[in-house]
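Enquirer: Numbering (my numbering), first residue to last: 14 to 174. One structure follows; several queries about it will come next.
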């Protein structure tokens with residue numbers, strides 16, 4: 014069982030319950046979160062990404078971060094979360110070292126395209142709107158089967174942790 018499976022379970026049992034809040038404002042219920050993450054998983058697969066591919070997350074706090082993260086896991090891909098305080102040149106080294114193919118960013122930390130990514134998507138863009146658009150039957154989108162030893166996250170630190 015993966016974290017994506019837990020989201021599916023919550024979406025089945027409590028689709029209307031609050032899941033993601035930004036301050037006191039509701040961003041998504043469990044059903045909405047699952048529909049957006051499943052939609053992203055489906056679109057990542059359609060774009061040619063495969064299980065085990067790396068997807069970078071370089072962003073400040075944003076409610077879509079969670080939707081993207083769970084979509085990455087739903088598709089069986091590896092999330093590469095990067096500290097938003099790093100310089101873009103440091104992040105480009107991480108892109109190269111990790112083999113990340115795509116990246117989800119906030120424009121404030123990555124105003125220019127990062128070298129090495131096939132595609133870079135700003136979380137507050139119309140492109141992200143399309144990628145994270147809810148899929149009609151989210152719970153029918155298969156969650157990738159992962160094994161105990163499979164990588165889900167790939168973290169990079171600067172020897173400060």
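Ideal placement from N, C-alpha and C gives every residue a C-beta, glycine not left out. Owing to the predicted nature of the structure, the values given are computational and were not obtained by experimental measurement.
Using 10 angstroms around the beta-carbon of residue 117, count the other beta-carbons present and answer buried if the total reaches 16, otherwise exposed.
Expert: Residue numbering aside, residue 117 sits at position 104 when the chain shown is read from its first letter. Buried, by the Cβ-count rule.
Enquirer: Taking a contact to mean a Cβ-Cβ separation below 8 Å, would you say residue 76 touches residue 27 in this structure?
Expert: In the chain shown, residue 76 corresponds to position 63, counting from 1. In the chain shown, residue 27 corresponds to position 14, counting from 1. No, Cβ-Cβ distance for residue 76 and residue 27 is not below 8 Å.
Enquirer: Using the rule of at least 16 other Cβ atoms within 10 Å of the residue's Cβ for burial, across every protein chain shown, is residue 45 buried or exposed?
Expert: Against the chain shown, residue 45 aligns to sequence position 32. Flag for residue 45 reads buried.
Enquirer: Can you list, in chain order, the residues of its chain whose CB lies under 6 Å from that of residue 128, leaving out five sequence neighbours each side?
Expert: Position 115 of the chain shown, counted from the first residue, corresponds to residue 128. Excluding sequence neighbours, residue 128 sits near 105.
Enquirer: What whole-angstrom Cβ distance do residue 29 and residue 49 have, given they're in contact under 8 Å?
Expert: Sequence index remark: in the chain shown, residue 29 carries index 16 (1-based). Sequence index remark: in the chain shown, residue 49 carries index 36 (1-based). Contact doesn't hold; Cβ gap of about 15 Å is too wide.
Enquirer: I need the straight-line Cα distance from residue 31 to residue 22, nearest angstrom please.
Expert: As a working note, residue 31 is residue 18 in the chain shown. As a working note, residue 22 is residue 9 in the chain shown. Between residue 31 and residue 22, the C-alpha separation is close to 14 Å.
Enquirer: In its own chain, which residues sit with a C-beta less than 8 Å from the C-beta of residue 134, not counting the 5 before and 5 after it?
Expert: Locating residue 134 in the chain shown gives position 121, where the first residue counts as 1. Excluding residues within five positions, the ones whose Cβ falls inside 8 Å are 115, 116, 117, 118, 140, 141 and 144.
Enquirer: Have a look at the DSSP bridge pairing and note the partners of residue 71.
Expert: As a position in the chain shown, residue 71 is number 58, starting the count at 1. 95 and 118.
Enquirer: Is the CB-CB distance between residue 73 and residue 121 below 8 Å?
Expert: Residue 73 sits at position 60 when you count from the first residue of the chain shown. Residue 121 sits at position 108 when you count from the first residue of the chain shown. Result yes, Cβ atoms of residue 73 and residue 121 sit closer than 8 Å.
Enquirer: Report back the beta-carbon spacing between residue 151 and residue 64 to the nearest angstrom; my notes put them in contact at under 8 Å.
Expert: Within the chain shown, the letter at position 138 stands for residue 151. Within the chain shown, the letter at position 51 stands for residue 64. Between residue 64 and residue 151 the Cβ distance is about 19 Å, and since that is not below 8 Å, they are no contact.
Enquirer: In whole angstroms, what is the alpha-carbon distance linking residue 99 and residue 167?
Expert: Your numbering for residue 99 matches position 86 in the chain shown. Your numbering for residue 167 matches position 154 in the chain shown. The straight-line gap from Cα to Cα measures roughly 16 Å.
Enquirer: If you draw a straight line from the alpha carbon of residue 51 to that of residue 95, how long is it in whole angstroms?
Expert: Counting from one through the chain shown, the residue named residue 51 turns up at place 38. Counting from one through the chain shown, the residue named residue 95 turns up at place 82. Distance between the alpha carbons of residue 51 and residue 95: 23 Å.
Enquirer: Alpha carbon to alpha carbon, how far is residue 17 from residue 86?
Expert: On the chain shown, residue 17 is found 4 positions in, with the first residue counted as 1. On the chain shown, residue 86 is found 73 positions in, with the first residue counted as 1. The straight-line gap from Cα to Cα measures roughly 6 Å.
Enquirer: Do you know offhand how far residue 112's Cα is from residue 163's?
Expert: Position 99 of the chain shown holds residue 112. Position 150 of the chain shown holds residue 163. So the alpha carbons of these two residues sit roughly 16 Å apart.
Enquirer: Hey, quick one: how far does the alpha helix (DSSP H) through residue 18 stretch, first residue to last?
Expert: Within the chain shown, residue 18 is the residue found at index 5, counting from 1. Its alpha helix (DSSP H) spans residues 16–26.
Enquirer: If you scan the region 27–84 from start to end, which runs of the alpha helix (DSSP H) of 4 or more residues do you find wholly inside it?
Expert: Within the region 27–84, the complete alpha helix (DSSP H) runs of at least 4 residues are 43–59.
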